[in-house]
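Q: Heads up, the sequence shown is in the numbering used here, so the first residue is 195 and it goes up one at a time.
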Amino acid sequence: PFPPSLAGKGGWGDRYTDWFRRITRLQHADGPEVWQARLEQAGFRLERWWHYFPSSAMRVLEWGHYFGLPSLIAKKLTGKWIVAPTKWNLWLTEHLVRQYASAKPVEDGTFTFYIARKR
């Protein structure tokens with residue numbers, strides 16, 4: 195489910211993947227077939243699913259962890275992740291990442307959205 199990370203596979207790449215899954219509370223990064231079986235076992239019918247968040251967006255997210263270091267320092271010093279939560283202060287960040295912020299279905303999506311109904 196995850197594309198290769200910036201650190202690559204093995205060693206640092208595996209440690210990064212483990213860390214990312216831990217901080218995002220990710221428990222079951224399984225494909226649609228596994229989720230369909232899991233949902234059916236629980237009494238649901240999988241109606242539709244699609245992948246979203248393309249691998250290009252995942253790479254931007256990964257780089258964001260490194261570029262977020264100043265925010266970590268601000269959090270340690272002030273208790274706030276964003277010291278000035280104003281439009282002007284976040285303009286550059288929004289400008290750079292807006293093109294990646296979409297839940298539209300894509301072939302190479304790194305996350306999957308499921309719609310299921312109780313039977």
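We treat Cβ as the ideally placed atom computed from N, Cα and C, and that holds for glycine. Note that the structure is a prediction, hence the values are computed from the model and not measured.
(1) State yes or no: is the C-beta of F247 within less than 7 Å of the C-beta of T304?
(2) Are at least three pairs of beta-carbons, each pair with one atom in the stretch 228-246 and one in the stretch 291-308, less than 8 Å apart?
(3) Considering only DSSP beta bridges, list what Y308 is partnered with.
(4) Go through its chain and collect everything with a Cβ distance to K298's Cβ below 7 Å, but skip five positions before and after it.
(5) Per DSSP, what kind of secondary structure is G258 in: helix, strand or coil?
(6) Take the Cβ of L220 as the centre, count every other Cβ of all protein chains shown within 10 Å, and call the residue buried at 16 or more, exposed below.
(7) For D302, which residues from the same chain have a beta carbon less than 6 Å from its beta carbon, with the 5 sequence-adjacent residues on both sides left out?
(8) Starting from the Cα of T218, find the closest Cα among E256, V228 and L284 and give me that residue.
(9) Based on the DSSP secondary-structure assignment, which residues constitute the bridge partners of P248?
(10) Whose CA, out of Q230, W275 and G258, lies closest to the CA of Y294?
A: Based on what the coordinates show:
(1) Yes, these two residues count as a Cβ contact at 7 Å.
(2) They touch, by the three-pair rule.
(3) DSSP, once it has assigned bridges, lists W243 as partnering Y308.
(4) Here the set comprises Y246.
(5) Residue state, collapsed to three classes: helix.
(6) Under a 10 Å Cβ-count criterion, L220 is classified as exposed, with fewer than 16 other Cβ atoms of the shown protein chains found around its own Cβ.
(7) Contacts found: P248 and S249.
(8) For the residues E256, V228 and L284, the minimum Cα distance to T218 belongs to E256.
(9) When beta bridges are read from the DSSP output, P248 appears opposite G303.
(10) If we check each option's Cα against that of Y294, G258 comes out closest.
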